[in-house]
Amino acid sequence: MWLPMHIQTVGLTEPEHTPLLLLRETTGQRCLALGIGEAEAMAITLARTQQRPPRPLTHDLLGDVIRALGTHVEQVRITELREETFYAELVFPDNTIVSARPSDAVALAVRTETPLVADDTLLAEHGIPAGDITDETAASPQQSEDQIAQFRTFLDQISPEDFGDNPP
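Here it is in structure tokens:
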């Protein structure tokens, strides 16, 4: 059974400062804690705060391509945890299913307002009671704003030459 989820927070673990995505079941108290990359954490945070960089990020591009092809993602599913790695799927209206990293799938879901769900068995086995999660787990709003400002500065300073000698 698929249970509706929402983003509880995107933050940093203490003391490691590893990006963490907390997904919480919409009608319950369990959360899934997913370690994610810095770029994905920033992409999710930018989308949640409705900030768009001057040029589309990868997740924006993917959403634009999907729309240009005349379809949409019907559902993002967090499906399983295997060898300490979470797995996700993008589900399309024609029942096409595409495997994805949860962080990428969630970043896309935020941009496209796609419902996010998790497998009930996954939550039963790996869910963390929301009350067990401390505020120290997540970055403060000011930390998120500082990260966004830092990322925007980075975007303003890069050029195509920074990515190698081979033009596209």
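Residue numbering for the sequence shown follows our numbering, beginning at 82 and increasing consecutively.
Glycine included, each C-beta is placed from N, C-alpha and C at the ideal position.
What residues in its chain sit with their C-beta under 8 Å from that of Pro-174, if we drop five residues either side in the sequence? In the sequence shown, residue 174 corresponds to position 93, counting from 1. Thr-152, His-153, Glu-155.
When the Cα atoms are used, what is the spatial distance from Leu-127 to Ala-190? Residue 127 sits at position 46 when you count from the first residue of the sequence shown. Residue 190 sits at position 109 when you count from the first residue of the sequence shown. Each residue's alpha carbon lies about 13 Å from the other.
Curious, which full-length beta strand (DSSP E) runs of at least 3 residues does the stretch 96-121 contain? 100-106, 111-116
Are there three or more Cβ pairs, one per stretch, closer than 8 Å when the stretch 93-113 is compared with the stretch 195-215? yes
So what's Val-157 in DSSP terms, helix, strand or just coil? The residue given as residue 157 occupies position 76 in the sequence shown. In the structure shown, Val-157 sits in a strand (DSSP, three-state: E or B).
Could you tell me whether the stretch 122-141 touches the stretch 161-174, where touching means 3 or more Cβ pairs closer than 8 Å? no
Among the candidates Arg-192, Leu-203, Glu-95, Gly-92, whose CA atom is the shortest distance from the CA of Glu-146? Within the sequence shown, numbered from 1, the residue matching residue 146 stands at position 65. First, the residue type needs correcting, since residue 146 is Val and not Glu in the sequence shown. Closest option to Val-146, Cα to Cα, is Arg-192.
Taking only runs of the alpha helix (DSSP H) that begin and end inside the stretch 122-184, which ones reach a length of at least 4 residues, in chain order? 139-149
Please state whether DSSP places Gly-208 in a helix, a strand or coil. Position 127 of the sequence shown, counted from the start, is the residue given in the question as residue 208. Three-state result, Gly-208: coil.
Is the stretch 95-107 close to the stretch 194-209, with three or more CB pairs under 8 Å? yes
Bridge partners - Val-91, DSSP secondary structure assignment: The residue labelled residue 91 in the question sits at position 10 within the sequence shown. In the DSSP output, where bridge partners are listed per residue, Val-91 has Leu-102.
Ala-181 versus Glu-194, Ala-169, Gly-144, residue with shortest Cα-Cα distance: Mapped onto the sequence shown, residue 181 falls at position 100. Among Glu-194, Ala-169, Gly-144, the Cα nearest to that of Ala-181 belongs to Ala-169.
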